[in-house]
Structures are given as C-alpha cells and as structure tokens.
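Chains A and B are the protein sequences, given in the same order. With my numbering, the residue at position 195 of the first sequence is 507, and numbering never jumps. With my numbering, the residue at position 34 of the second sequence is 95, and numbering never jumps. Ideal placement from N, C-alpha and C gives every residue a C-beta, glycine not left out. One structure is given below, encoded as structure tokens.
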Amino acid sequence: MARSLLGTRIRENRRSKGVSQAALAKQAGISASYLNLIEHNRRGIGGKTLLALARVLEVDPRSLNEGADQALVGRVEQAAALAPTITCETDKTEEFIARFHGFARLIGRQFDRAKVQDETLQAMSDQMNSDPFFSEAMHLMLSNITTIKSTAEILSDEEGLSDNLKQRFLSNLLSETERLAQTATDILQHFEPSAQKDGIISDTAPAEAIMENNDYFIKQLEGNFISPIDYVAKQNIAKSDEKETMDALVRYSSIIQKLPIDSFLSFAKECHYDPIKISGKMNVPLNVVMCRFAHLPKRDDIPRFGILECDGSGAVIFRKQLPTLSLPRYGSACPLWPIYRSLSQPLQPIKAFINTPTGERFLTYSLAQYADQNAIGLPARTTAIMIFTPDYEMFMPKSEIALQSNLAVGLQCSVCPRDNCAARRAKYLLQ
Amino acid sequence: MSKSVLIVEDEPFIMEALSFLLKREGLDVATFADGQGCVERIQSLKPDLVILDMMLPNRSGMQILEDLRAMDAFTSLPVLMLTAKGQKKDRAAAEDAGVSLFMTKPFANKEIIQNVHRLLDR
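What follows is the structure, encoded as structure tokens:
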C-alpha cells in the first residue's frame with residue numbers, strides 16, 4: 313500500500329487557486345484523466361510531470377513532496393487506533409492532513425503527549441507496586457490521617473473533655489498535621505519528573521527540544537560565538553536537566569571543532585556525501601563524520617539527513633527525525649532497520665537503501681562501535697548510528713541508484729501494513 | 062468486672078486516641094507498641110480483646126496472630142486487626158490466619174467502638 317500525499321496536495325493547491333482539472337492538465341501537458349489519477353494518489357509522479365505541475369501551480373516542487381508528511385500520517389492513524397469505539401475515516405487520513413493540516417498537527421501533538429503520559433503512568437504504576445519508599449510513605453500517610461480523623465472526632469464529639477485533654481489532643485492534631493504535610497511533600501518529590509521539580513514541564517528532553525528549535529544547526533555554536541556552557545546558561549533549563557543538556561551540546565561542539573561546517577560541506581560535496589570517503593579524506597573517525605550529518609544547515613543545495621543513535625539494547629540515545637520518517641523515542645522501531653543489524657557487526661559500516669511501507673525510499677549508512685574501549689574486564693558496550701536521507705538523487709548518479717536494491721522495512725509494527733513479515737512482533741492496528 | 066482490651070499499635074497518637082475512646086466506654090485498656098514481646102504480653106495480660114496493628118516494628122501483626130492461633134489458649138481470642146494495608150490479598154491473608162475482624166485505617170471512632178463491643182459480646 314504505497315501512499316503519498318503528493319496527489320492530494322496537488323489537488324488542494326489547484327482548488328485553492330481556482331484552476332480546473334482540465335486547465336491544469338492542459339497547461340502541464342498531460343491528460344485530464346491522468347491528472348485525475350494523480351490527484352487521487354493512484355499514480356506516483358516525479359521528474360518532469362511534477363516540475364510541470366508545480367510550475368503551473370506556481371509552487372516549489374519540493375514543497376509538494378515535503379508535504380507527504382508520513383510521520384504525521386502515522387501519528388494520526390495511531391491516535392485513531394487508540395479509540396476503537398470511534399469510527400475514524402483512516403482511509404482518508406492523508407486527505408484530512410492536507411485539508412486541515414493544523415488540526416492534524418494538533419492530533420499528532422496530543423497523541424505524542426498522551427503517549428508520554430501513558431508511559432509516565434506505567435512507570436509510576438510499576439514504581440508504586442515495587443517501590444518500598446512508596447509503600448512506606450503510603451502507610452505513614454494513612455496513619456497520619458487516622459490520627460487526625462480520630463483525634464478530630466474526639467474533639468468534636470466528646471462532651472465534657474477536660475482542658476488538659478483538649479489541649480493534649482489539639483497538640484497531637486497539630487503535630488500529626490505537620491507530619492502529614494511532610495509525608496505528602498516527600499511523596500510528591502519522589503514521583504515528580506525531574507523537569508517538573510524545577511518548574512519546567514516538557515514532554516521532550518531539553519537537549520532534543522533545543523536541537524529541534526534550531527533545526528539541529530545552532531549558529532552560535534557553529535560560529536564559535538559562544539561556548540556550550542554559556543549557551544546552556546542562557547536557556548531556561550531545569551537544574552536537573554542541565555548535565556544531560558550540557559553533555560549533548562558539548563558533544564555537538566566537539567563535532568563542530570573536528571569538522572567545521574564549511575570544510576565539511578566542501579569535502580562532502582567532493583565525496584558525494586559518502587561518510588566513509590569523507591572520513592578518509594578528512595582523517596576523522598567515521599562515527600564523528602556520521603554525527604556531523606545530523607547538523608547541516610537547512611539549504612536547498614544541501615540534502616536533508618536524519619539520524620538515529622541507539623545503545624546495544626536498541627534504546628534510543630539521540631534522534632533527528634525527518635517529515636517522512638518518524639523515529640521512536642523509546643526504542644520500538646522496525647527490527648529490520650540496518651542500524652540494528654550493525655550492532656551485530658561492530659566497526660563494519662552498512663550502506664543500504666530502505667523502502668518504507670508508504671513508498672518512501674532512503675539511503676542509509678549504519679555503524680556500530682564499541683564504547684569504553686579501555687574498560688578492562690567489563691562487558692563490551694556498543695552503540696550504533698544510522699544516518700538516512702531521502703535526497704540521495706542530489707548527489708548520487710541515477711545509474712548508480714538504479715543498481716541499488718531496496719530493503720523493505722517498516723516504522724513500527726502497529727502502523728506497518730506489511731503482510732507475512734517475519735520480524736513482526738505486534739499486530740497492525742489499522743486492519 | 063469490666064472487660065479488658067490490649068491495643069498493640071506503634072503510632073503513639075493513634076494509640077492515645079483509641080485508648081481514650083475505649084476507656085470512655087468503661088473498658089480496661091492496656092497498650093503495647095512493639096511486635097517483639099507482644100505474644101508474651103498477651104500471655105501475661107490475658108485480655109478479652111486484642112486490637113492489633115498489622116505493621117509493627119520487629120514482628121508483624123500477622124506473625125503475632127499466627128503465633129496466637131497456634132496456642133490453645135488463644136485460638137478463640139477476639140483479635141481486631143487494624144491496618145493501612147487494605148488490599149484484598151492482605152485481608153485474605155488475615156482471614157486465613159484467623160483474624161476476628163479486619164479494619165482498615167482510617168476508621169471512624171463510632172465504627173471501631175461498635176466493633177469492639179460486638180467482639181466482646183460474642
């Protein structure tokens with residue numbers, strides 16, 4: 313089921329400009345019936361036809377393609393799957409996104425928040441069931457409440473209490489109320505997420521939020537105008553998150569020092585954005601080069617690259633998503649992705665084209681390496697990186713692309729329609 | 062002759078409130094705040110009723126109850142167990158061990174007084 317928003321976007325653009333299907337087809341040099349198929353996403357297009365349609369519609373052809381926000385499609389469909397009692401027209405998800413992009417983004421965002429909250433609740437539930445602190449704190453709290461309730465009832469109901477007894481019970485009440493307040497405070501502090509403790513509530517790690525807000529290219533750091541320490545100090549970051557944020561920015565800064573953007577881009581162009589060749593030419597470790605691909609300026613002449621970094625268990629360490637490829641935050645991606653294969657063959661880079669169920673194709677490079685190489689006697693710890701780009705046509709000759717075989721992968725089992733997949737571990741929710 | 066109640070509770074203010082309430086009912090009230098030595102205290106006092114907190118220092122109320130039920134002299138001694146652990150499994154465990162009545166904290170004063178009288182009048 314190859315799907316794309318391209319046709320829908322063309323239709324919406326045409327309608328918004330008040331152009332008839334026949335007129336657009338004529339000006340673009342194709343038949344009206346062919347345009348009709350395109351607009352209903354029954355025919356894929358590219359090259360000359362896309363350029364012609366974009367020219368007539370006076371839009372950037374790339375914007376039409378970028379509109380194929382499959383990551384958003386996946387999130388909206390997953391949101392629909394969470395409410396099985398409500399019949400959602402999931403066969404029209406793409407059309408909905410194209411027509412009501414803001415609402416679709418809102419649904420996607422709410423889905424993300426709900427997911428984070430579900431995971432937090434699950435973690436809290438696990439913690440409550442197994443946490444001796446919580447068990448003890450709840451027991452203490454109920455004891456506090458019992459004392460307060462019982463003592464208050466005595467003071468309220470018992471007639472003829474002596475002044476001494478009244479004073480005694482009032483004193484008990486006050487002491488126990490203070491203990492209850494302390495118990496409640498302790499419980500809250502125990503369970504509050506670290507970000508909330510310092511007054512910042514966010515469903516995204518601060519380092520990731522900073523990267524996203526800057527399109528993963530922080531000009532102040534790239535130009536060495538500011539140190540990571542000063543940069544972090546200027547952000548409104550909770551104290552508890554400062555170290556994690558600092559670590560991420562120091563790492564980014566060290567990549568900048570080893571591979572200044574201008575010389576990197578120069579070598580990248582010369583090497584056709586092949587990280588292995590760039591590594592050799594610039595004499596910089598391959599993993600550093602691959603990380604550099606996550607931090608490129610957003611320009612029409614530079615291909616877009618996303619990145620996924622995980623540890624040996626597959627847990628996500630760092631990610632940069634692209635509109636057409638959504639990445640998990642909590643490590644439940646498709647096990648067929650080359651990044652996971654690289655974990656079984658550290659230091660051996662893997663170059664592969666992957667093909668998603670929605671028809672997008674990406675060039676990927678993956679590499680796993682050992683961490684803590686000097687830690688004698690400890691188990692070998694591995695991490696892996698995968699970079700990916702949908703813009704390989706910008707630097708790879710068509711003849712070479714034609715020779716590459718595709719690896720059919722999914723995103724997550726729950727939104728992957730591929731039948732008979734040996735790697736499936738969860739059912740497809742949209743069947 | 063008034064009947065006697067032993068309150069085994071490690072929270073001093075709960076113990077004080079309970080003690081006051083039961084004395085106002087004309088009962089002889091003794092108190093004990095530790096799981097360790099509790100069975101011996103019961104053996105020496107031979108109360109008509111024991112109000113037993115489940116979570117006590119050194120030895121749990123459940124262990125004390127099991128010890129008591131294993132002794133011929135206390136197989137039918139009324140034991141009212143008080144606990145903040147009100148889960149089904151805790152109640153079931155207490156009932157299996159032979160508790161006479163299981164009450165969860167927080168309780169209403171009237172309710173516990175009624176239950177004490179009910180158990181003493183059996």
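Two segments are said to touch when three or more pairs of C-beta atoms, one from each, lie closer than 8 Å; by this definition the region 643–653 of chain A does not touch the region 355–375 of chain A. With fewer than 16 other Cβ atoms inside 10 Å of its own Cβ, HIS352 of chain A counts as exposed. For the options A:ARG480, A:ILE697, A:ILE460, the alpha carbon positioned closest to that of MET602 of chain A is the one of A:ILE697. Within the region 71–96 of chain B, contact with chain A at the beta-carbon level (separation under 8 Å) is assigned to GLU72, PHE74, ILE75, GLU77, ALA78, LEU79, PHE81, LEU82, ARG85. LEU67 of chain B counts as buried, since at least 16 other C-beta atoms from the protein chains shown sit within 10 angstroms of its C-beta. Counting the other Cβ atoms within 10 Å of the Cβ of THR676 of chain A gives 16 or more, which makes it buried.
DSSP assignment within the region 566–652 of chain A yields the following whole alpha helix (DSSP H) runs of 4 residues or more, N-terminal first: 573–582, 587–594, 598–604. The beta carbon of GLY386 of chain A sits closer than 7 Å to those of SER638, LEU723, VAL727, all from its chain and outside the five residues before and after it, given in chain order. Using a 10 angstroms sphere on the CB of ILE713 of chain A, the tally of other CB atoms stays under 16, which defines it as exposed. Taking a cut-off of 8 Å for Cβ pairs, the region 152–169 of chain B and the region 449–468 of chain A touch, as three or more such pairs fall below it. For PHE168 of chain B, at least one C-beta of chain A is nearer than 8 Å to its own C-beta. Between the region 122–134 of chain B and the region 412–430 of chain A there are fewer than three C-beta pairs closer than 8 Å, too few to call the two in contact. Exposed is the label assigned to MET132 of chain B, since fewer than 16 other Cβ atoms lie within 10 Å of its Cβ.
Near chain B, meaning a CB-to-CB distance below 7 Å, the residues of the region 454–468 of chain A are LEU454, SER455, ILE457, THR458, THR459, LYS461, SER462, THR463, GLU465, ILE466.
Going by beta carbons, PRO615 of chain A and PHE707 of chain A fall inside the 8 Å limit. For ARG604 of chain A, the CB contacts under 7 Å within the same chain, skipping 5 residues up- and downstream, are ILE567, LEU571, PHE576 in chain order. Not one beta carbon of chain A lies nearer than 8 Å to the beta carbon of ALA131 of chain B.
When DSSP reads this structure, SER711 of chain A sits in no beta bridge, so it has no partner. Residue range 540–546 is occupied by the alpha helix (DSSP H) that includes VAL544 of chain A. Taking a beta-carbon distance threshold of 8 Å, ALA155 of chain B does not count as an interface residue toward chain A. Here ASP89 of chain B is near LYS64 of chain B, since their CB atoms are less than 8 Å apart.
At a cut-off of 8 Å between C-beta atoms, ASN484 of chain A counts as an interface residue with respect to chain B.
In the structure shown, THR399 of chain A adopts coil according to DSSP, grouped into three states. Taking a beta-carbon distance threshold of 8 Å, GLU488 of chain A counts as an interface residue toward chain B. DSSP places ILE688 of chain A in no alpha helix (DSSP H); its state is neither H nor E. Spanning the alpha carbons of CYS99 of chain B and VAL69 of chain B requires a straight line of approximately 8 Å. With contact defined as three or more Cβ pairs closer than 8 Å, the region 536–544 of chain A and the region 552–568 of chain A are in contact.
Excluding the 5 residues flanking it on each side, LEU138 of chain B has same chain C-beta neighbours closer than 7 Å at VAL111, LEU129, in chain order. In the DSSP annotation of this structure, VAL385 of chain A is not part of any beta strand (DSSP E); the continuous alpha helix (DSSP H) holding it starts and ends at 382–393. In the DSSP secondary-structure assignment, LYS663 of chain A is bridged to A:TYR677. Chain A has a Cβ within less than 8 Å of the Cβ of ALA145 of chain B. The beta-carbon of MET523 of chain A is placed no less than 8 Å from the nearest beta-carbon of chain B.
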